[in-house]
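Q:
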Amino acid sequence: RDSSTSRGLGDVYKRQDDIQIVCQPMDSYTDEINTLKENVLTDVELGNNKVTGQITLDRNKYLCLTIPYSKGWKVYVDGERQKLYNANGQYMAVYLTSGTHNVTLKYSTPLLKEGALVSLAGVVIFAMQLVINKRKKRE
Numbered sequence: 086r087d088s089s090t091s092r093g094l095g096d097v098y099k100r101q102d103d104i105q106i107v108c109q110p111m112d113s114y115t116d117e118i119n120t121l122k123e124n125v126l127t128d129v130e131l132g133n134n135k136v137t138g139q140i141t142l143d144r145n146k147y148l149c150l151t152i153p154y155s156k157g158w159k160v161y162v163d164g165e166r167q168k169l170y171n172a173n174g175q176y177m178a179v180y181l182t183s184g185t186h187n188v189t190l191k192y193s194t195p196l197l198k199e200g201a202l203v204s205l206a207g208v209v210i211f212a213m214q215l216v217i218n219k220r221k222k223r224e
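Taking our numbering, the leading residue of the sequence shown gets 86, the next gets one more, and so forth.
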């Protein structure tokens with residue numbers, strides 16, 4: 086049975102019997118956090134549409150970055166472009182081999198150049214139409 090009720094303006098309220106509480110054991114929380122801190126990007130520099138850093142890994146693994154995934158991002162590892170993965174449904178990740186790596190992320194707005202060309206073409210066509218209309222008025 087549906088226990089939700091509506092009180093106008095699209096608000097939906099759930100009854101207390103629909104609430105589920107989930108408990109996550111915290112016994113190993115500190116150990117898990119310390120494990121995550123073992124391999125992090127260091128010497129991070131933020132620039133205009135660019136993030137750089139260095140990482141040293143003792144084994145092959147994915148570097149998960151808490152930057153929202155977007156098709157405009159490109160990743161370079163030691164100067165070579167690598168595949169950028171959508172991690173955890175919202176973040177970015179790149180696969181790295183063991184060793185020390187320089188990681189560079191660059192962002193460019195998708196289709197920006199194409200959009201600028203279309204806009205420029207529109208301005209040129211508009212200017213041509215103005216010239217044509219002026220010539221027709223003279224005749």
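Built from N, CA and C at the ideal position, the CB exists for glycine as well. Remember, predicted model here, so these are calculated numbers, not experimental data.
Quick check: Tyr154 and Gln167, are their CB atoms within less than 9 Å of each other?
A: Not in contact: Tyr154 and Gln167 (Cβ atoms no closer than 9 Å).
Q: With DSSP as the reference, identify every bridge partner of Arg166, one or two as the case may be.
A: DSSP output for Arg166 lists Tyr161 as bridge partner(s).
Q: Helix, strand or coil: which one does DSSP assign to Glu117?
A: Here Glu117 sits in helix by DSSP.
Q: State yes or no: is the C-beta of Met177 within less than 9 Å of the C-beta of Ile217?
A: Going by C-beta atoms, Met177 is not nearer than 9 Å to Ile217.
Q: Go through its chain and collect everything with a Cβ distance to Ala172's Cβ below 6 Å, but skip five positions before and after it.
A: Within the same chain, Ala172 has close Cβ partners Cys149 and Ala178.
Q: Helix, strand or coil for Lys135 per DSSP?
A: DSSP places Lys135 in strand when its eight states are reduced to three.
Q: Starting from Lys146, trace the beta strand (DSSP E) in both directions and tell me its first and last residue.
A: Unbroken beta strand (DSSP E) run through Lys146: Lys146 to Pro153.
Q: Taking the DSSP output, what are the residues bridged to Ile140?
A: Its beta-bridge partners are His186.
Q: Quick one: Cα of His186 to Cα of Pro195, how far?
A: In a straight line, the C-alpha of His186 is about 27 Å away from that of Pro195.
Q: List the endpoints of the continuous alpha helix (DSSP H) containing Leu181.
A: Segment Tyr176 to Leu181 is the beta strand (DSSP E) holding Leu181; no alpha helix (DSSP H) there.
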